[in-house]
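Q: With my numbering, the residue at position 157 of the sequence shown is 145, and numbering never jumps. C-beta atoms are modelled at their ideal positions from N, C-alpha and C, and glycine is treated no differently.
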Amino acid sequence: MDDEAMIARRREATTDGMPPGRSRGRLADEVYDTLLGQLMSLRIEPGSRVTIDVLARELGVSQTPIRDALNRMEAEGLVVRVPHAGYRIPPQITRHRFEDMLELRLLLEPAAARRSAERASSKQVADLRRLLEEMAELEGGDGPMAYGAFGLRDAAFHDLVALSAENQVIREALARLHTHVHLFRLLHDTQVTHLAMAEHEEVVGAIAARDSDAAAYAMRRHILLSGERFRRLFDEAEAEGADGMAVEA
């Protein structure tokens, strides 16, 4: 997708800014994909404000699909609604916040994986495998939109592990962090997707085998390795004398 050009070149005058034969839902999906690509490529800068009317003019569509797309992005932690002021893009995380999130994940997610191996239903195991298949299709995909879509499925994968552990408190705590959204905005690197896939497969394999110790170990290993991959960005920034990658949330 070439950002908003994909939408604009098909646009024709209609009562709702929609081309003939295109459903509201389909147009909202296209707007969502465009905004996701811009967000993950940092074309929309962290901390910046976005408004429905400005986006509608830029993309050449009505406000309705813009509003639908932004509501979906808000639910996924990609944007934050500001009362009477539209939406705001979350700021990039600092190294300190990154380390805090990593520490919390190491406390919560291996325990969730252990319980998932004990409690996950057959359907939930199948759903985990389905998410792996979807991520495999996106692995190494071209452009920030594919990378962003991988990141969201990565988040869904970890959420499903927590759900299948039947611990709502852990699930809610992880969801509030929107960890994966923050992390995947830090780095656009196909190596991240490739390595994460193998680690996810180890977690699912242990859960499917009902091996709770192996599931906890595989999840802990995945979080530690993932932390090292993202930590190098902060190391590189500090080596270059950067004052910090972003403003603290």
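#1: Should G35 go down as buried or exposed, given a rule of 16 or more other Cβ atoms within 10 Å for buried?
#2: Tell me the residue span of the alpha helix (DSSP H) that contains R83.
#3: Using a 10 Å radius around the Cβ and a threshold of 16 neighbouring Cβ atoms, would you call H72 buried or exposed?
#4: So is A63 buried or exposed if we call it buried at 16+ other beta carbons inside 10 Å?
#5: Excluding five sequence neighbours on each side, which residues of the same chain lie with their C-beta closer than 6 Å to the C-beta of R209?
#6: Output the distance between the C-alpha atoms of E122 and A227, rounded to the nearest integer angstrom.
#7: Kindly identify the DSSP beta-bridge partner or partners of G193.
#8: Does the structure place the region 99 to 109 close enough to the region 78 to 86 that three or more beta carbon pairs sit under 8 Å?
#9: What did DSSP end up calling G48 once you bin it into helix, strand or coil?
#10: Helix or strand or just coil, what does DSSP make of V157?
#11: Rounded to a whole number of angstroms, what is the C-alpha to C-alpha distance between R159 and A202?
#12: Which residue from V68, G139, D21 and M28 puts its Cα closest to that of S214?
#13: Taking the straight line between their C-alpha atoms, what separation do you get for L165 and I211?
A: Judging by the given coordinates:
#1: Position 47 of the sequence shown, counted from the first residue, corresponds to residue 35. Its Cβ having fewer than 16 others within 10 Å, G35 is exposed.
#2: Indexing the sequence shown from 1 puts residue 83 at position 95. Segment R83 to R107, the alpha helix (DSSP H) holding R83.
#3: For the purposes of this step, residue 72 is taken as the residue at position 84 of the sequence shown. Counting every other CB atom within 10 Å of its CB across the protein chains shown gives H72 a total below 16, marking it as exposed.
#4: Within the sequence shown, the letter at position 75 stands for residue 63. A residue is called buried when at least 16 other Cβ atoms come within 10 angstroms of its Cβ; A63 does not meet this threshold and is exposed.
#5: Start at 1 with the first residue of the sequence shown, and residue 209 comes out as number 221. Only residues of its own chain outside the window of five on either side were considered, and among them none has a CB closer than 6 Å to the CB of R209.
#6: In the sequence shown, residue 122 corresponds to position 134, counting from 1. In the sequence shown, residue 227 corresponds to position 239, counting from 1. Whole-angstrom Cα-Cα distance: 37 Å.
#7: Position 205 of the sequence shown, counted from the first residue, corresponds to residue 193. The secondary-structure analysis by DSSP pairs G193 with nothing; it has no beta-bridge partner.
#8: As far as the Cβ criterion goes, the region 78 to 86 does not touch the region 99 to 109, which means the pair count is below three.
#9: Your numbering for residue 48 matches position 60 in the sequence shown. Reduced to three states, the DSSP call for G48 is coil.
#10: Position 169 of the sequence shown holds residue 157. Three-state DSSP puts V157 in a helix.
#11: Taking the first residue of the sequence shown as position 1, residue 159 is located at position 171. Taking the first residue of the sequence shown as position 1, residue 202 is located at position 214. Here the alpha carbon of R159 sits roughly 21 Å from the alpha carbon of A202.
#12: Here residue 214 is taken as the residue at index 226 of the sequence shown, counted from 1. Taking only the C-alpha atoms, the option nearest S214 is G139.
#13: By 1-based counting over the sequence shown, the position of residue 165 is 177. By 1-based counting over the sequence shown, the position of residue 211 is 223. Those two C-alpha atoms are separated by around 15 Å.
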